[in-house]
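Okay, so here's the structure we're looking at.
Residue numbers (the numbering used here), protein chains in the order written: chain A, 1 to 244; chain B, 245 to 488.
In structure tokens:
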């Protein structure tokens with residue numbers, strides 16, 4: 001067994017424990033036995049090989065080995081997204097986790113269709129752990145508290161490239177090709193940002209970008225932004241002469 | 245009403261008709277009346293304004309105006325994908341349509357989990373029309389007949405950039421940044437391509453590319469490849485001096 005499990009608390013003295021959903025997944029779904037080998041990760045970039053030492057109701061005790069090589073940090077990308085409804089939320093989080101996005105802010109907008117209730121945010125956070133286990137990512141996608149456009153814009157670092165998805169904007173690729181640092185991208189609800197919201201974003205320095213020449217669904221725009229930043233980050237990591 | 249509908253047969257003498265699902269959607273779901281204005285598209289890049297002239301069971305007659313401006317062609321991207329199961333197929337097609345991919349080939353692989361039966365291909369084609377109606381795309385994503393790796397590789401144009409998704413490959417971004425033409429990208433099943441399949445692809449000139457530093461689900465890799473090609477195409481369309 002080389003399945004990966006999320007540790008809510010880091011190992012101490014070579015021991016750790018899985019609790020709650022993680023313990024149930026290992027003990028009941030996968031029917032682990034004492035001595036089985038797994039990998040555990042703390043969601044902050046560290047991972048360890050481990051062996052099952054004890055199995056109790058809702059708790060699996062582990063003996064933990066020396067840490068594995070630390071994973072590369074996630075992309076310096078914050079996506080502030082007016083959450084879509086139902087399954088599309090689950091998809092959004094799964095794909096952003098797989099594609100290396102660092103942070104998702106549920107964006108409160110005038111035309112938003114889904115409220116980021118504490119239960120919804122908890123469901124998103126659980127989806128992040130599931131996706132990390134599946135894709136091998138060691139650092140959780142951070143699910144930030146819900147925020148308004150003004151709130152998200154106020155807390156940016158000064159050298160962040162700020163983008164707002166807009167079907168009438170300029171193409172995404174060239175902007176990313178010219179910028180190697182942190183990116184904040186805003187994605188509005190199905191009905192789009194209001195004129196006032198777009199004006200707030202552009203007045204605060206956001207560039208309006210069209211991700212594709214069509215009207216994209218909320219989660220498509222967000223996923224394509226993450227994929228675009230992921231592809232561009234590898235270009236920026238190369239010495240310039242290799243690009244010619 | 246400015247909803248968009250797919251025309252199976254092009255207009256003739258200023259008249260056209262919606263049939264089957266399209267007629268039922270307009271007449272029964274949207275309860276159209278004679279005189280209502282819609283837009284129709286033929287899936288080959290042309291679209292027309294139209295008015296409802298007659299409503300019968302499973303057939304809506306239309307009066308069609310002069311053609312609208314022809315849309316830009318889709319990205320010169322063929323994705324050959326070992327189809328995932330269930331809803332993930334539907335998502336794949338919806339997202340590839342929104343992101344402008346030209347052609348999807350259901351790829352027959354050793355470890356594939358979903359067979360591209362005629363019913364499945366028909367379902368995918370229906371999903372393409374739905375997505376085109378929603379996102380405003382005028383040219384259908386072509387769903388090609390299922391093919392093997394050897395079949396797909398044999399039918400390429402000679403100057404196509406051929407990629408095979410592989411978590412141990414080189415980063416995607418720099419390759420796309422250096423290539424402005426047609427792209428063929430192969431995405432294997434959940435269990436990955438076999439060693440023999442990867443060898444066949446690389447022997448035929450495919451570059452192994454890692455889309456992100458994680459193990460991606462089939463549909464995530466395919467969607468991220470489409471997003472990457474879409475972003476790169478806008479870079480290539482710019483005069484070089486604007487990139488500095």
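Backbone N, C-alpha and C fix where the C-beta goes; we use that ideal spot for every residue, glycine too.
In this structure, B:360 is the residue among B:360, B:342, B:344 and B:341 with its C-alpha nearest to the C-alpha of residue 350 (chain B). The bridge partners DSSP lists for residue 19 (chain A) are A:59. For residue 293 (chain B), the secondary structure class from DSSP, reduced to helix, strand or coil, is strand.
According to DSSP, residue 171 (chain A) shares a beta bridge with A:210. Of all residues in the segment 159-170 of chain A, none has a C-beta nearer than 8 Å to a C-beta of chain B. Taking a 10 Å sphere around the C-beta of residue 260 (chain B), we find 16 or more other C-beta atoms and assign the residue as buried.
Contact between residue 387 (chain B) and residue 368 (chain B) holds: CB atoms are separated by about 5 Å, below the 8 Å threshold. A distance below 9 Å separates the beta carbons of residue 64 (chain A) and residue 50 (chain A). If you ignore the 5 residues before and after residue 212 (chain A), its C-beta comes within less than 6 Å of no other C-beta in its own chain. Near chain A, meaning a CB-to-CB distance below 8 Å, the residues of the segment 375-390 of chain B are 378, 379, 380 and 381.
Among the residues of the segment 215-226 of chain A, those with a Cβ less than 7 Å away from any Cβ of chain B are 215, 216, 217, 220, 223 and 224, in the order of the chain. Residue state for residue 344 (chain B) is assigned as coil, using DSSP reduced to three classes.
Contacts between residue 213 (chain A) and chain B, judged by CB atoms closer than 7 Å, involve 316 and 344 in chain order. When beta bridges are read from the DSSP output, residue 461 (chain B) appears opposite no residue. Membership of residue 396 (chain B) in the alpha helix (DSSP H) is indicated by the continuous run 393-398. DSSP places residue 124 (chain A) in the uninterrupted alpha helix (DSSP H) bounded by 118-135. Annotation: the continuous alpha helix (DSSP H) that includes residue 203 (chain A) extends over 195-203. Put simply, the CB of residue 262 (chain B) is far from chain A, with every gap to its CB atoms at 9 Å or more. Listed in chain order, the positions of the segment 419-445 of chain B with a beta carbon within less than 8 Å of a beta carbon of chain A are 420, 421 and 422. In summary, the residues of the segment 92-118 of chain A whose CB is separated from some CB of chain B by less than 9 Å are 94, 95, 97, 98, 99 and 100, in the order they occur in the chain.
Taking the C-beta atoms as reference points, residue 98 (chain A) is found no nearer than 9 Å to residue 416 (chain B). For a Cβ distance threshold of 9 Å, nothing in chain A lies close to residue 270 (chain B): the least Cβ distance comes to about 19 Å. If you ignore the 5 residues before and after residue 23 (chain A), its C-beta comes within less than 6 Å of the C-beta of 58, 59 and 60, all in its own chain and listed in chain order. The way I'd put it, the segment 468-478 of chain B does touch the segment 321-329 of chain B; three or more beta-carbon pairs between them come closer than 8 Å. In the DSSP assignment, residue 76 (chain A) falls within the beta strand (DSSP E) that extends over 75-81. With contacts defined as CB atoms closer than 9 Å, residue 315 (chain B) and residue 291 (chain B) qualify as a contacting pair. A straight-line Cα-Cα distance of about 16 Å links residue 269 (chain B) and residue 297 (chain B). Under a 10 Å Cβ-count criterion, residue 464 (chain B) is classified as buried, with 16 or more other Cβ atoms of the shown protein chains found around its own Cβ. Secondary structure of residue 161 (chain A) (DSSP, three-state): strand.
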